[in-house]
Each structure stands twice: as C-alpha cells, then as structure tokens.
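Encoded as structure tokens, the structure appears first; notes follow it.
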Amino acid sequence: MGEGMMKKERAMISPGELIDDRREAGIFRIHRAMYDDPHIFDLEMRHIFEGGWVFLGLECQAASAHDYFTVNIGRVPALVIRGGDGVLRGFVNSCPHKGARIAHAGCGHARQLICPYHSWSFDSSGRNKAIKWKSGGNYTPGFDADSHDLAALPAFGVYKGFVFGSVAPDVPPLMDWLGETAKLLDLIADQGEEGVELIPGAVTFTYEGNWKLQLENCSDNYHFTSAHPSYIRLLERRKAMEAASGTGFTSAMDSQRHWSGEDDEIVAGTFSFPHGHVLNFGIAQPSAASALFERSDWLEETVGAVRRDWMFNMRNMTLFPNLQVAENASSQLRVIEPISHNRTRMRTWCIGPKGESADARRQRIRQYEDFFNPSGMATPDDTVAYEDCQRGFAGKVSPWLQGYQRGMASRREGASPLAQGIGLKPDWSIEGNSRLCDETIYQSYYREWARRMAGALAE
Amino acid sequence: MSAVLTRSEAEDLLYREARALDERRFDDWLALYADDVIFWMPAWIDETTTTSDPDTQLSLIYYEGKQNLADRIWRLRSDLSNASEIPARVSHIVGNVIVERADAGEAVILSAFTAHHHDPRSDRTHVFFGHYRHVFRREGDVWLISAKTIILMNDCIPTVADLYML
C-alpha cells in the first residue's frame, strides 16, 4: 500500500489485512505496510503509545524530594517528579495556561516549577502555587472553578523501581498489565540488595527505520551470527591474545554458547506473555565473564540457585511497546521512542545492581560500550540492517514478510520445563537447540498490536 | 624536532592524524599512537555535563591500549561488519589549536574539530563536531599520542559513529 492508495482504502483497512494470523494453518505473516505507512504510524501513537501503559524510567532517576525527569509518552511530554512528601508522581509536562512545557531538562531538581512563558508556578506535587497578577486579572468565577494544577497522568505506578505511566485512563491495574513479567523484572531488580540503577551517562541514537524493527531485533536470536560476526571473531582474537599476553577484554558472552549454532541440547528459547510482553533467553553458566559473578554466592542465598542461574542466563525482555532490557554481552536498558513511520530514537543506559564493586562496575561498563553503543562494535551492524529493511519494505510486489514462523512447529502452550523452574507461567514457550532461533516470539507483539488497533484502523 | 612540542609541530601532527583517517590510511593512523594510549569519548550525563570517570560512568568510547584501536580497525577492514561494508566518506577539519602545556617529554594540545561524513549507502550527510584533547609523549625521536579525548557535542548519533568519523 502506497500512501495514496492507503488514503483511498483507509476505511477498509483492518488488522487482518496487515496481519495474516492463521494459527491452525501454521501461517503468520506481516504486511510490509505495517512498517512504512504514516497513517498507521499516527494510529499507533494514539492507540498504543498514548493508549496504554508505557515505561517511563527508573525510580532512581528521581531519588530525592523535588528530583524530576522528563520523558515522552508517544508524542506527549511527561514529567515524573518526587514531591516534598516523598511521593513520586507523573504529570503531563505542559502548563494549563498556554500549554508550554514547564520542565525542559532531561532531569533536575526543583521545589517549584515556573512556566517561562507567563510565570504560572507549580510545586513539586503538581499543585498550582501562583498565577501571575491573579488579583489584577479580572478573572470570572468560572475560571476560578477550574483546576489550575498540572494534569496528573491518568495511570501511574512503580514496580521494584521501574516506573510506568499512561496518558489513557482505561488501562488495567499495573500489576495485571505486568502479570508474569513482574517475575522477569524481579530477576533484574533482585540482583542488588537495593535494586538496580542507571549508570551515569545516557547514550541516544536514531535510525531511519520503523520502531518495530528495534522491537523485533531485541527478541531476535536468529540474527546474531549473521549480523555480528566481526564481534564474535574479535572475542576469539582477544581470548587468544589474552592467553598470549595477559591483556585483553572480556565479554559476558564469553561463557555463552546458546548462539553458536553448534549445540544440540536445549540452550535457548522464548516465552510469550499477555499484553505483548516477551522474553528470549539463552542458557549460560555463572562465570567470571559476567560482572554479576562476584554476587553469585549471595544471590544463591537470597534468591535460590535456580533463580540465581537465571540471572546469569542471556535474557532479552520486552515490555510492549517501549521497554527492553537486554542482558547478554553486558546489561542494557533501552527505551524506544518512535519519531515517524521511518525514524526512531533510542535512549539507552547501562544498568547494574546498586552497590556492586568497583571492579565489577568497570567490567560491566567496558563490556557495554564495546557491544551496545552506536559507537561500539555490534549495534551499528543492527541499525544499518534496520535501514535496509525499511528501504526494502517499499517493495510490495510480494507484500507478506515471512520472518515470524520459525519455531512455530515446536510451540508449547503454557510453561516449558525451564519456565516451570522459576514458577513462570507464559502463554506459550519454545525451547530448543542453538539453531532453533524462534521467530514466533514476534507474533506476541503483533497479536497485541492487533488487539490495541482493532477499530482504530477504520478511522 | 624541537625539545618541546611547538604549536606548529602540534598542528602538523593533528592534521596528519585527520588526513590519515580521511584517506583511510589506518596503519599510518595507528602508528601515531603509543602502545598504552587511553582513547576516550565520554558520554553526556545531562544537557551540560559529560561523564568524567570512565570507571564509574559510561563513555561512548573508552579504550586503554592501542591493541583495542587495532581491533576496531581490524573490524572496519574485516568484511564481517555490515555497518562498515560501504564506508562513509569523511573530511576532518581541525583548528583552534592551543598548546595547553608543553614540557620536554610531554605536551597537552587542545583543538576543535568538525568531521563531515557522507554515507553513500543511505545518501545521508552528517557532521560530528566537538573538541579534542591530545597528550603527546616523546618516544625517541617521535611524538606519539598517549591520550586522546573527544568531546562530542552532538551526541545523538545518527545510526553509526565509528572511529574514523570522529
């Protein structure tokens, strides 16, 4: 569908025309228009990013009274600020007077927020404190009857330091929306006595492609040896040099073989949950290649051996639509910020347990920069591929993409043995050898997408 | 070669480094570095502050040792990196050179840079800009770079920022 054709057909479009989901026939295909149509993008912003829960940040970004950080919920600027009473709250970052953003920095500290345009002021709990020259303003009683406070986010909640909000009121309670994935957040947060933190220094990059390319890439076990052979070969070179000279550089992936394509036992898989949340994983052993290794014994005591081992597994988790936590070569928290149908901004941080040793922190940071940064040695090989996909999507001679069916024949309803080990109850599970590289994980994204967009596409 | 690095000599070294990157003479580029070089491009903490401690804060690039730079060059030439397969065309401009400190064995040189690049694959042109801080150390009869810090002002990176674009 070109843009012109899309306009003509707008009233006819339904999720079924973009998602060919015939489970019984073993078919799941996505239409290329899903990724390159401005009208669909606009509806996604309204019905997905501005129509339900999204991740906003970590509580540690506003640790003390009057600390704040700013984010985007779809196209809506939002403010998360801790009041003088110690309570964290979320607001639309927009003055009720003329709409200007009142907080401009990414993070800061303010007992009082003063709109720079006409000086209306608000306290850190969002209450209007003053309207400039109110008494001389000849306002009507009707004006006085209005609230002049900042608009609170209709839904706002925190789980183990992970902060979520919604600009739509009709959302399930946060814990219902998280569901089983709260146990996956536990596997991150419980790595530290006091949870995890963002390591100072944020890295932002853009790519000329649809946001769902990033959504899929994080869950993609299939691309690793194809897109990142230079990184894999470098790990081997460094290992050889380290053996020779005692110098060199490690990766947390040094202890992992789930991606190798060589192991025939069960080493990897995916779990799919309601609301479009997913996890893909690879089995790894606790090893000094991971910065977490110094906490291995303590973790075994506090969370038990099985959950401890899961913390060392490669785990890429997505909470649909905008949060991804990737624990593989190091540990990354990333937030997807769609800009347009063919442009996306990624905000990324290294995360680690609070209170880890200086050596472990250094190891974690070095491994992160090497792999995850857009100035590193892996991410650019992904983002350049996204851009090639985006250009390829224009070709709709054969419009249905085929990258969602790998693994479909080994799908298991409910929990697999590995999921049962940590009491996890996914909707479905796939486990397999290092060549299985399940792609049905993306089906969860698109079923949730269809659910949220149903009705919207006819607008 | 003077006993103490002069501004004119420092400019010559900076221009030669930039030219080696522009012309993809990466072996010549690596030859300008000391084995124990610290190559550092900090990230930004907020709108006005870069990270200042690579051990506790994130950097965009941080390498101790020339071998790590050699690894990056190996990757660029490996035919194993999708992002490096069609290289960007790059032109560095280095200026505003200041001799911050110059002793018999060592000199600290500050400069400003712009690095224009055109990526033929995406037909996209971009310019990275910021400041360099080079530490040159005398080894025998040459000055080698023992530390280089790149402060990248426009740190929202469009898809790729590799060593030769900075």
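Protein chains in written order, with the numbering used here: chain C, 1 to 459; chain Y, 1001 to 1166. Even glycine gets a Cβ: it sits at the ideal position worked out from N, Cα and C.
What are the residues of the stretch 1018-1033 of chain Y that lie near chain C, defined by any Cβ-Cβ distance shorter than 9 Å? none
DSSP state of C:GLU294, grouped into three classes? DSSP places C:GLU294 in the helix class (H, G or I) of the three-state scheme.
Unbroken beta strand (DSSP E) run spanning Y:CYS1156, endpoints: 1156-1158
Is the stretch 66-73 of chain C close to the stretch 95-110 of chain C, with three or more CB pairs under 8 Å? A contact between stretches requires three or more CB pairs, one per stretch, nearer than 8 Å, and the stretch 66-73 of chain C meets this requirement with the stretch 95-110 of chain C.
DSSP three-state call for C:ALA326: helix, strand or coil? strand
Using the DSSP secondary-structure output, state which residues sit across from C:CYS115 in a beta bridge. Paired residues: none, contrary to the question.
Measure the CB-CB distance between Y:SER1122 and C:GLU387 and report whether it falls below 8 Å. yes
Is the CB of C:GLY126 under 8 Å away from at least one CB in chain Y? no
Name the one or two DSSP bridge partners that Y:GLY1095 has. Note: Y:GLY1095 sits in a beta bridge opposite Y:ALA1112.
Kindly provide the ranges of any alpha helix (DSSP H) runs that are 4 or more residues long and lie completely inside the stretch 356-428 of chain C, ordered along the chain. 358-372, 379-392, 417-421
Going by DSSP, what residue range makes up the alpha helix (DSSP H) through C:CYS218? Membership of C:CYS218 in the alpha helix (DSSP H) is indicated by the continuous run 211-218.
Kindly indicate which three-state DSSP category C:THR247 falls into: helix, strand or coil? Here the model assigns C:THR247 a pLDDT of 48, short of 50, so the residue's position is not dependable, and the following value carries that caveat. Coil.
When the Cα of Y:HIS1131 is compared with those of Y:PRO1120, Y:THR1159, Y:ALA1003, Y:HIS1092, which residue comes out closest? Y:HIS1092
Check whether the Cβ of Y:THR1159 lies closer than 8 Å to any Cβ atom in chain C. yes
Counting only beta-carbon separations shorter than 8 Å, does C:THR247 have a partner in chain Y? Bear in mind that the predicted position of C:THR247 carries a pLDDT of just 48, short of 50, making it too unreliable to give a figure here.
Under a Cβ-count criterion, where at least 16 other Cβ atoms within 10 Å of its own Cβ denotes burial, should C:ILE102 be classed as buried or exposed? Residue environment for C:ILE102: buried (at least 16 other C-beta atoms within 10 angstroms of its C-beta).
The beta strand (DSSP E) spanning C:GLY201 covers which residue range? Per DSSP, C:GLY201 belongs to no beta strand (DSSP E) and is neither H nor E.
Identify each residue in the stretch 271-284 of chain C for which the Cβ-Cβ distance to at least one residue of chain Y is less than 8 Å, and report them in chain order. none
So which of Y:ALA1083, Y:HIS1117, Y:HIS1126, Y:LYS1066 has the shortest CA-CA distance to Y:ARG1089? Y:HIS1117
Member of C:HIS104, C:SER125, C:LYS239 whose CA lies at the smallest distance from the CA of C:LEU88: C:SER125
By the criterion of Cβ-Cβ separation under 7 Å, what are the contact partners of Y:LEU1069 in chain C? Ordered by position in chain C, no residue passes the 7 Å Cβ test against Y:LEU1069, which lies about 12 Å from the chain.
Assuming C:HIS31 and C:PRO338 are in contact, meaning their beta carbons sit under 8 Å apart, how far apart are those beta carbons, in whole angstroms? So it is not a contact: roughly 18 Å between Cβ atoms.
Please report the distance separating the alpha-carbon of C:VAL71 from that of C:GLY90. 10 Å
Short-range partners of chain Y found in the stretch 197-209 of chain C, where Cβ spacing is below 7 Å: For chain Y, the residues of the stretch 197-209 of chain C that bring a beta carbon within less than 7 Å of one of its beta carbons are ILE199, PRO200, GLY201, ALA202, VAL203, THR204, PHE205, THR206, TYR207, GLU208, in chain order.
Under a CB-based cut-off of 8 Å, is C:LEU234 close to chain Y? yes
Quickly, what does DSSP pair C:LEU79 with across the bridge? List them, please. C:THR70, C:PHE91
Take Y:THR1006 and list the residues in its own chain whose beta-carbon comes closer than 7 Å to its own, dropping the five residues that flank it on each side. none
Is there at least one Cβ from chain Y nearer than 8 Å to C:ALA450's Cβ? No, because no Cβ of chain Y sits closer than 8 Å to the Cβ of C:ALA450.
Under a CB-based cut-off of 8 Å, is Y:ALA1083 close to chain C? yes
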